[in-house]
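So for the sequence shown, the numbering used here puts the first residue at 183; every next one is plus one.
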Amino acid sequence: MSNYQISFTLKKENSSHITVDTLNVKKAALILRAFNHKLRQQILKLIDTQDKITVTEIYVKLRIEQSVASQHLAILRKAEFVNTERDGKFIYYTVNTDRMKDLNRFVSDLLG
């Protein structure tokens, strides 16, 4: 057994095993945590209503500090909930709708 896997015995299935990759579980938890934050949800909704938006427009419209907006956008980028597009000196953010579909599908499957 590696540091990133835990095996469980399935008693009802003739002692077969199931292995859980704990590293992937940790990554999934970080993605869920990235979405499960009220301000980040507000940022995503604002981006969606504007189609594409800069960090300046985000912090002005939400009345938050620029550094706060940037930190939250970094988390959303890392979780791939937003896409970025550079146009000269501006970086525009858009919602990654494919990622949102994946999130919705995952949560639906998880909850059965």
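Glycine is no exception: its CB is placed at the ideal position from the N, C-alpha and C atoms.
Given ASN185 as reference, the closest of ILE240, LEU226 and ASN206 once Cα atoms are compared | Considering only alpha carbons, the answer is ASN206.
Distance, Cα to Cα, ASP233 vs ARG215?
-> When rounded, the distance between both Cα atoms is 24 angstroms.
Contact set for VAL327: own chain, Cβ-Cβ below 8 angstroms, skip 5 residues either direction = It is not possible to answer for residue 327, since the shown part of the chain is limited to 183 through 294.
Residue environment, HIS254, which counts as buried when at least 16 other CB atoms sit within 10 Å = Taking all protein chains shown into account, HIS254 has 16 or more neighbouring C-beta atoms within 10 Å of its C-beta and is therefore buried.
Spatially closest choice to ALA256 from GLY294, LYS243, ARG245 and TYR275, by CA coordinates = Answer by Cα proximity: TYR275.
Can you tell me the Cα-Cα spacing of ILE240 and SER189, whole angstroms?
-> Straight-line Cα distance between these residues: approximately 45 angstroms.
How close, in whole Å, do the beta carbons of PHE217 and ALA261 come, if the pair is a contact with beta carbons under 8 angstroms?
-> By a beta-carbon distance limit of 8 angstroms, PHE217 contacts ALA261. Their separation comes to about 7 angstroms.
Looking only at C-alpha atoms, which of SER197, THR201, ALA210 and LEU221 sits nearest to ILE246?
-> Checking every option, the nearest Cα to that of ILE246 belongs to LEU221.
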